[in-house]
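Everything below concerns the one structure shown next.
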Amino acid sequence: MSTKTAADISLLQRNKYQPFRSSRQQRPSLKVEEAKEAATAIACELKVRFSTNRVMLFGSLARDDFHEWSDINLAVWGIAPTEYFRAVAFASGFSKVFKVDLVDAQDCSESLLQHVLKEGVEL
6 MSTKTAADIS
16 LLQRNKYQPF
26 RSSRQQRPSL
36 KVEEAKEAAT
46 AIACELKVRF
56 STNRVMLFGS
66 LARDDFHEWS
76 DINLAVWGIA
86 PTEYFRAVAF
96 ASGFSKVFKV
106 DLVDAQDCSE
116 SLLQHVLKEG
126 VEL
């Protein structure tokens, strides 16, 4: 069995192990509007599929300092505990371009909740 390092494999092979980075590198310019559209679409689907009663966008996309390595951060209220991981799977699999993180606002730390409420944008 031979051991390889990152220097020993091609860029195409490396991209297989970093799918979010490779898809972003294919885009010459950052598309903030595309990320906001994805966040809005995910929020709508979470409301329909998982009966969430509130979704807030927070993090760099909400602060308008979204950059190449940013992800989409969403906080949700009202998803049944038995459905939460299905909702996470849906949200994280929604886009091949953007990494999506989903936070249960009713089950997160108080400091994170205050951060979301302070800087978040209702979707």
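One rule links them: number in the working numbering = place in the sequence shown (from 1) + 5.
By construction, the Cβ of each residue, glycine as well, lies at the ideal position given by its N, Cα and C atoms.
Quick caveat, the model's predicted, so the values are computed rather than measured.
Environment of F90 [buried if 16+ CB atoms lie within 10 Å]: Flag for F90 reads exposed.
How would you label S116, buried or exposed, when you count the other beta carbons within 10 angstroms and need 16 or more for buried? exposed
Using the rule of at least 16 other Cβ atoms within 10 Å of the residue's Cβ for burial, across every protein chain shown, is G125 buried or exposed? buried
Judging by CA-CA distance, which residue of K9, G64, C113, F99 is the nearest neighbour of L51? F99
Beta-carbon within less than 7 Å of A48's beta-carbon, same chain only, minus the 5 sequence neighbours each way: which residues are those? Excluding sequence neighbours, A48 sits near V60, L79, L128.
So for L128, helix, strand or coil by DSSP? coil
Considering just the uninterrupted stretch of the alpha helix (DSSP H) at A46, what are its terminal residues? 37-55
Under a CB-based cut-off of 7 Å, is T87 close to chain B? Any reference to chain B falls outside this structure, which holds one protein chain only.
Short check: CB of F95 to CB of A43, under 7 Å? no
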